[in-house]
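A.B. asks: Protein chains in written order, with the working numbering: chain X, 1 to 305; chain C, 306 to 624. Glycine included, C-beta positions come from ideal geometry on N, C-alpha and C. Every value quoted in this text rests on a predicted model; they were computed, and no experiment measured them.
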Amino acid sequence: MAGLTLASPSVERRASSPWRETWRRYCRHKLAVVGAVLLLILVAAVVFGPFFWHVSINDIDFNATLQGPSLAHPFGTDDLGQDLLARMLYGGRISLAVGLAAMMVSVIVGTLVGALAGMSRGALGHALMWLTDLFLSLPQLPLLLLLIYLFRDQLKAVFGPEGGIFILIVLVIGGLRWMPVARLVRAQFLSLREKEFVEAARAIGASPTRQVVRHILPNALGPVIIAGTIDVAAAIIAESTLSFLGLGFPPDTPTWGRLLYDAKDYLDISAHWALFPGAAIFIAVMAINFIGDGLRDALDARRVV
Amino acid sequence: MRQYILRRLLIAIPSLLGISLVLFTVLALAPGDPFSDLATNPNVPPEVGLALRAKFGLDDPLYLRYLHWLVAMAQGDWGFSFVSRVNVDTLILQRLPTTLYVIGSAQLVALLIAIPVGVYAATRPYSIFDQIANTLAFIGFSLPTFFTGILFILIFSVKLDWLPFVYTTDINATGIGWLGEEIRQAIMPVMVLALFQGASLTRFVRSAMLDVIRLDYVTTARAKGLGQRRVIIKHVMRNAMIPVVTLIALQMPAVFGGAIVTEQIFRVPGIGSLLISSILSNDTPVVMAVTFVFACLVVLFNLIADVLYGWLDPRISFR
Numbered sequence: 001m002a003g004l005t006l007a008s009p010s011v012e013r014r015a016s017s018p019w020r021e022t023w024r025r026y027c028r029h030k031l032a033v034v035g036a037v038l039l040l041i042l043v044a045a046v047v048f049g050p051f052f053w054h055v056s057i058n059d060i061d062f063n064a065t066l067q068g069p070s071l072a073h074p075f076g077t078d079d080l081g082q083d084l085l086a087r088m089l090y091g092g093r094i095s096l097a098v099g100l101a102a103m104m105v106s107v108i109v110g111t112l113v114g115a116l117a118g119m120s121r122g123a124l125g126h127a128l129m130w131l132t133d134l135f136l137s138l139p140q141l142p143l144l145l146l147l148i149y150l151f152r153d154q155l156k157a158v159f160g161p162e163g164g165i166f167i168l169i170v171l172v173i174g175g176l177r178w179m180p181v182a183r184l185v186r187a188q189f190l191s192l193r194e195k196e197f198v199e200a201a202r203a204i205g206a207s208p209t210r211q212v213v214r215h216i217l218p219n220a221l222g223p224v225i226i227a228g229t230i231d232v233a234a235a236i237i238a239e240s241t242l243s244f245l246g247l248g249f250p251p252d253t254p255t256w257g258r259l260l261y262d263a264k265d266y267l268d269i270s271a272h273w274a275l276f277p278g279a280a281i282f283i284a285v286m287a288i289n290f291i292g293d294g295l296r297d298a299l300d301a302r303r304v305v
Numbered sequence: 306m307r308q309y310i311l312r313r314l315l316i317a318i319p320s321l322l323g324i325s326l327v328l329f330t331v332l333a334l335a336p337g338d339p340f341s342d343l344a345t346n347p348n349v350p351p352e353v354g355l356a357l358r359a360k361f362g363l364d365d366p367l368y369l370r371y372l373h374w375l376v377a378m379a380q381g382d383w384g385f386s387f388v389s390r391v392n393v394d395t396l397i398l399q400r401l402p403t404t405l406y407v408i409g410s411a412q413l414v415a416l417l418i419a420i421p422v423g424v425y426a427a428t429r430p431y432s433i434f435d436q437i438a439n440t441l442a443f444i445g446f447s448l449p450t451f452f453t454g455i456l457f458i459l460i461f462s463v464k465l466d467w468l469p470f471v472y473t474t475d476i477n478a479t480g481i482g483w484l485g486e487e488i489r490q491a492i493m494p495v496m497v498l499a500l501f502q503g504a505s506l507t508r509f510v511r512s513a514m515l516d517v518i519r520l521d522y523v524t525t526a527r528a529k530g531l532g533q534r535r536v537i538i539k540h541v542m543r544n545a546m547i548p549v550v551t552l553i554a555l556q557m558p559a560v561f562g563g564a565i566v567t568e569q570i571f572r573v574p575g576i577g578s579l580l581i582s583s584i585l586s587n588d589t590p591v592v593m594a595v596t597f598v599f600a601c602l603v604v605l606f607n608l609i610a611d612v613l614y615g616w617l618d619p620r621i622s623f624r
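(1) Report the three-state DSSP secondary structure of residue 473 (chain C) (helix, strand or coil).
(2) Quick one: what does DSSP say residue 571 (chain C) is sitting in, helix, strand or coil?
(3) With a cut-off of 8 Å, does the C-beta of residue 237 (chain X) fall near any C-beta of chain C?
(4) Quick one, are the C-beta atoms of residue 286 (chain X) and residue 443 (chain C) less than 8 Å apart?
(5) Do we get a CB-CB distance below 8 Å when we pair residue 79 (chain X) with the residues of chain C?
(6) In the DSSP assignment, what are the bridge partners of residue 83 (chain X)?
(7) Would you give the residue range spanned by the alpha helix (DSSP H) that residue 330 (chain C) belongs to?
(8) If you drop the 5 nearest sequence neighbours on each side, which residues of the same chain put their C-beta closer than 6 Å to that of residue 509 (chain C)?
(9) Between residue 548 (chain C) and chain X, is the shortest Cβ-Cβ distance under 8 Å, so that the two count as touching?
(10) Measure the alpha-carbon distance for residue 567 (chain C) versus residue 587 (chain C) and round it to whole angstroms.
(11) Counting C-beta neighbours from all protein chains within 10 Å, is the total for residue 239 (chain X) 16 or more, i.e. buried, or is it exposed?
(12) Taking all protein chains shown into account, do 16 or more other C-beta atoms lie within 10 angstroms of the C-beta of residue 511 (chain C), making it buried, or fewer, making it exposed?
(13) Starting from residue 291 (chain X), trace the alpha helix (DSSP H) both ways and give me its first and last residue.
(14) Determine which residues of the segment 274-292 of chain X have a Cβ less than 7 Å from any Cβ of chain C, and write them out in chain order.
(15) Drop a sphere of 10 angstroms on the beta-carbon of residue 535 (chain C), count the other beta-carbons inside from all chains shown, and report buried for 16 or more, exposed for fewer.
(16) When you compare the CB of residue 156 (chain X) with every CB in chain C, is at least one pair closer than 8 Å?
(17) Looking at the strands, I want to know which residues DSSP matches up with residue 385 (chain C).
(18) Anything in the segment 563-586 of chain C with a Cβ closer than 8 Å to a Cβ of chain X? List those residues in chain order, please.
(19) I need the straight-line Cα distance from residue 90 (chain X) to residue 396 (chain C), nearest angstrom please.
(20) Just the Cα atoms here: how many angstroms apart are residue 36 (chain X) and residue 45 (chain X)?
(21) How far does the alpha helix (DSSP H) with residue 519 (chain C) in it extend, from its first residue to its last?
(22) For the segment 601-618 of chain C, which residues have a CB atom closer than 8 Å to at least one CB atom of chain X, in sequence order?
(23) Are any of the Cβ atoms in chain C nearer than 8 Å to that of residue 268 (chain X)?
(24) Using a beta-carbon distance below 8 Å, is residue 457 (chain C) in contact with chain X?
(25) Under a Cβ-count criterion, where at least 16 other Cβ atoms within 10 Å of its own Cβ denotes burial, should residue 231 (chain X) be classed as buried or exposed?
(26) Tell me, please, whether the CB atom of residue 295 (chain X) is closer than 8 Å to any CB atom in chain C?
(27) If you run the structure through DSSP and keep just helix, strand and coil, what is residue 532 (chain C)?
(28) CB-CB under 8 Å to residue 69 (chain X), same chain, minus the five flanking residues each way: which ones, in chain order?
(29) Of all the CB atoms in chain X, is at least one closer than 8 Å to the CB of residue 469 (chain C)?
(30) Using DSSP with H/G/I as helix, E/B as strand and the rest coil, what is residue 249 (chain X)?
(31) Give me the subset of the segment 404-416 of chain C whose CB atoms are less than 8 Å from a CB atom of chain X, sorted by chain position.
(32) Can you list the alpha helix (DSSP H) stretches of 4 or more residues lying completely in the segment 420-482 of chain C, in chain order?
(33) Could you check where the alpha helix (DSSP H) with residue 256 (chain X) kicks off and where it finishes?
(34) To the nearest angstrom, how far is the alpha carbon of residue 188 (chain X) from that of residue 537 (chain C)?
(35) If you count every other CB in all the chains shown that lies within 10 Å of the CB of residue 88 (chain X), and 16 or more means buried, which is it?
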C-alpha cells in the first residue's frame with residue numbers, strides 16, 4: 001500500500017489542462033515527434049509543392065528518358081521522359097487522400113457497429129460481433145482484388161476513370177478494415193455504460209442517444225484515435241499494393257504504388273525511378289506508425305510500462 | 306479436450322458458410338454476365354442462348370443459385386478455367402504446394418528471428434538493445450513487402466548478382482545441385498515475407514513476455530534461487546508463447562496478402578500469382594476459387610490456433 005501514498009511527479013503540474021498534459025506525454029516519445037515532423041513535411045510537399053514546381057506531370061520528352069536525378073529533374077525521369085518529382089507530388093496527394101478517406105470510412109463504420117453492439121444487450125449485439133469475426137477471417141487482399149476486378153468498369157462509367165476508382169478503393173479498403181475499431185469501441189462501451197457517471201446521466205433522464213453521444217463516446221475516443229491513425233498507414237499500403245499489382249488507379253494517375261509498378265521492369269537501368277516513390281511510401285507509413293505509437297503513450301494514461 | 310475440438314470445428318462451419326455467402330453475394334451483385342458474349346454473337350440464335358442460360362440455372366432465384374454453387378463447390382466441382390483449359394481444382398492443386406512452402410518457410414524464419422530478439426528485449430526493457438530492436442521492428446513492418454522485394458532485387462540481383470530474381474520450376478540440375486538452386490531462388494521471396502512477419506512478431510513476443518514476467522509466480526521461481534536462464538525459458542516463455550499462437554493466426558490474412566505480392570514480384574508459381582494473372586485475364590472461375598481457397602486457409606489456421614491454444618492453456622478448453 002506504500003505505493004499509493006507516494007506523490008507522483010505529475011501532481012505538481014496540476015495547472016496544466018488535459019490537452020497540454022497529452023501533448024507533453026506525446027513529446028516525450030522522441031520518434032513520434034520525428035514521425036509528426038516527417039509527415040508534416042510530406043503533406044506540405046504534396047499540397048504546396050505543385051505551386052512551386054511547375055513542370056507538368058505528362059510532358060513527354062524523348063531526349064531525356066530514364067535520366068537519373070539532375071538539376072532539371074531533381075528526381076530523374078521515367079521511360080517517357082516525364083518528370084518524376086512532378087508526378088510524385090501529384091500522386092502523393094492521391095495516395096495520402098486515399099489513406100485519410102479510407103480511415104474515415106473504417107472509423108465511422110467501426111464506431112457505429114461497435115457502439116450498437118456495445119449498447120444492445122440482446123441478439124443484435126451477438127449478431128454484430130459474429131459479423132465482425134466473420135469479416136476478420138476474410139482474406140483481405142484477395143477480396144480487395146476481387147471486388148475491384150468486378151466493380152471497376154461499372155463505377156468508371158458513372159464517376160469517370162479517376163473518381164470512380166477513388167471511390168471504389170476508398171470504400172473497399174475502409175469496408176474491410178473497420179473490425180478492429182468495432183471491437184475496441186464495443187469493449188469500451190461495455191465497461192463505460194456501467195460506470196457511475198453514465199448511471200447518473202440515465203437517472204436524470206438522458207435518452208440513450210444523449211448518453212452515448214455526450215457521455216460514453218467522448219470517453220471511448222482515445223483507442224479509436226490510435227486505431228484510426230494506424231488505419232491511415234494500412235490504407236496507404238493497401239492502395240499502393242493494389243496499384244503495384246496493376247489493379248489500382250489507371251496508368252495516367254501516378255500514385256506512388258503505380259510509379260513503382262511502372263518502374264519495376266527498369267530496375268537494372270534506372271533504380272532511382274523505383275527508389276523515390278518506394279521511399280515516399282515507406283516514410284509516410286513509418287511516420288504514421290510512429291505517430292500512432294506516440295498517441296498510444298499520450299492518450300492511454302493507465303498504461304504504465 | 307475432444308469436446309473442445311469438436312466445438313471449435315462446429316464454430317468453423319458457420320464461418321466458412323458465411324464467407325462463401327459473402328463471396329457469392331459479391332459475384333451475384335457484380336455487373337457482367339458470363340453469357341454476354343453469346344447474346345451479342347450474331348452466329349448464336351437467341352433461343353440457343355436462352356436454353357444455355359436455363360441449363361446453367363442463370364435465371365433461377367438467387368438462393369437456388371447459391372445452393373447449387375455451394376453443393377458444386379463441396380463436391381469438388383470447381384469449374385473450368387477459361388484461359389488455361391484445365392479444371393480449376395487441378396490448377397490450384399498444382400500451385401498450392403509452392404505457396405505453402407514459401408509461406409511456411411517464411412513463418413519459420415520469422416519465428417527464429419522474433420522469439421530470441423523479443424525474449425531478450427523483454428528481459429532488459431528500455432535497454433539499448435530493446436530500443437534498437439523496437440525501432441528496427443517499426444521499420445520492418447512499415448516497409449511494404451513490394452518495396453522490400455524491389456530493394457532485395459536491386460541489391461542482391463542487380464548490384465551484387467548473388468541471387469536469381471525469377472523463380473523457375475525447371476532447374477537444369479539434379480541431386481545436390483538441384484536442391485541448392487531450389488534454396489537459392491527461394492531465399493529472397495522467403496526473406497521478404499519473413500522480415501515483414503518477424504517485425505510484428507517481435508513486438509508481440511516482447512509484450513507477451515513483459516505481461517508474464519511481472520506475475521507473482523515468476524518472483525516465486527526467482528526466490529527459490531533458480532537462475533535467470535531457467536526462469537525465463539522454463540517459467541516465463543512457456544506461458545508467454547500462448548497468446549503469441551493466437552496472434553500468429555490472426556496475422557494469417559496479412560501473411561496471405563504479403564504472399565500474393567511476393568509471388569507476383571519474384572514470379573513464384575503459387576496461387577497468389579495465379580490469382581493476379583487470372584484477374585488480369587478475366588478468368589472468373591479461377592478468381593473465385595482462389596479467393597475461396599485463401600478464405601478456407603485463414604479459417605483452417607484459426608482453427609489450428611484455437612486447438613493449440615486449448616492444448617497449451619487447459620483453462621480455455623474446460624470453460
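C.D. replies: Here's the rundown:
(1) coil
(2) helix
(3) Closer than 8 Å to some Cβ of chain C, the Cβ of residue 237 (chain X) qualifies, so yes.
(4) yes
(5) no
(6) X:77
(7) 307-334
(8) Excluding positions up to five away in sequence, the list reads 549, 552.
(9) No, its Cβ sits nowhere closer than 8 Å to a Cβ of chain X.
(10) In a straight line, the C-alpha of residue 567 (chain C) is about 21 Å away from that of residue 587 (chain C).
(11) Flag for residue 239 (chain X) reads buried.
(12) The residue in question, residue 511 (chain C), is buried, as its Cβ has 16 or more Cβ neighbours within 10 Å.
(13) 271-299
(14) 274, 278, 281, 282, 285, 286, 289, 290
(15) exposed
(16) no
(17) C:392
(18) 565, 566, 569, 570, 580, 581, 584, 585
(19) 41 Å
(20) 14 Å
(21) Segment: none, residue 519 (chain C) is in no alpha helix (DSSP H) and carries neither H nor E.
(22) 602, 603, 604, 607
(23) yes
(24) For residue 457 (chain C), the nearest beta carbon of chain X is not closer than 8 Å to its own beta carbon.
(25) buried
(26) no
(27) Residue 532 (chain C): coil per DSSP, three-state reduction.
(28) 75, 76, 272
(29) Not one chain X Cβ lies under 8 Å of residue 469 (chain C).
(30) coil
(31) none
(32) Here the runs fully enclosed are 433-447, 450-457.
(33) 256-263
(34) 34 Å
(35) buried
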